[in-house]
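Visitor:
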Amino acid sequence: MKKFILTFLTLAATAVGAAAQDAVTIEMTGNDQMQYDKKEITAVEGQKVTIKFKHIGKLPKAAMGHNVVILKSGTQIAPFAMKCAPAAANDYIPEDEESKSLIIAHTEMIGGGEETEVTFTAPAAGEYPYLCTFPGHFGVMNGKFIVTAK
Ligand SMILES: [Cu+2]
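With the first letter of the sequence shown counted as 1, position 96 gets the number 95 in numbering that gives the first Met the number 0; the numbers rise by one all the way through.
(1) In angstroms, rounded to a whole number, what distance separates the CA positions of LEU130 and ASP21?
(2) If you run the structure through DSSP and keep just helix, strand and coil, what is GLU116?
(3) Which of the three DSSP states, helix, strand or coil, is assigned to PHE137?
(4) Is the beta carbon of ASP90 less than 9 Å from the beta carbon of GLU107?
(5) CB-CB under 6 Å to ALA137, same chain, minus the five flanking residues each way: which ones, in chain order?
(6) Sorry if obvious, but does the Cβ on MET160 come closer than 8 Å to a heavy atom of ligand 1?
(7) Ligand 1 heavy atoms versus the CB of HIS105: any closer than 8 Å?
(8) Buried or exposed for THR132, please, with buried defined as at least 16 other CB atoms from any protein chain shown within 10 angstroms of its CB.
(9) Can you name the start and end residues of the beta strand (DSSP E) that GLU39 belongs to?
(10) May I ask you to report which of helix, strand or coil DSSP gives ILE76?
(11) Return helix, strand or coil for LYS82, following the three-state DSSP convention.
(12) For GLY150 and ASP31, I'd like the C-alpha separation in whole angstroms.
(13) My output table needs one value for GLU96: the three-state DSSP class, helix, strand or coil.
(14) Excluding the 5 residues preceding and the 5 following CYS83 in the sequence, name in chain order all residues of the same chain whose CB lies nearer than 6 Å to its CB.
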């Protein structure tokens with residue numbers, strides 16, 4: 000009986016381990032100084048990725064809004080950001096098909112004290128740029144989402 004219980008516990012532990020590897024939670028912040036706390040985030044291809052994003056500043060969304068927008072590998076962030084600037088009514092997420100096709104995942108735009116999250120499946124191994132699309136922020140608020148092979 001003891002052996003049976005041990006075997007059961009081992010199997011249960013293995014199942015928990017496998018589930019943990021299938022998913023990853025990444026915590027990120029943005030502040031009133033227009034900065035992310037992370038310039039690099041990582042995941043494994045096919046993993047369920049949850050980005051928990053918190054604005055730790057006090058300024059309202061209209062003055063210092065932040066989001067996290069992950070783009071297809073190789074996308075230049077400056078021209079993309081230019082397409083975002085006029086999209087104020089859509090929280091600076093461009094609505095034209097070409098721009099939309101470049102977005103892998105994005106959070107909502109939030110202001111000081113707010114938090115949000117987005118869950119998506121990590122794409123194929125590679126490097127994916129991310130940025131905040133609030134006008135003028137991408138030059139400082141950008142980074143790399145690095146996906147490694149399984
Ligand atoms: Cu921002």
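Cβ atoms here follow ideal geometry from the backbone N, Cα and C, with glycine treated the same way.
Guide: On the basis of the coordinates in this document:
(1) 25 Å
(2) strand
(3) coil
(4) yes
(5) Looking at the sequence shown, residue 137 is not Ala but Phe. Closer than 6 Å at Cβ, skipping near neighbours: ILE76, ALA80, LEU130.
(6) The chain is shown from 0 up to 149; residue 160 falls before or after that span and cannot be answered.
(7) no
(8) buried
(9) 39-43
(10) helix
(11) helix
(12) Here the chain covers residues 0 to 149 and nothing more, so residue 150 does not appear.
(13) helix
(14) TYR91, PRO93, THR132
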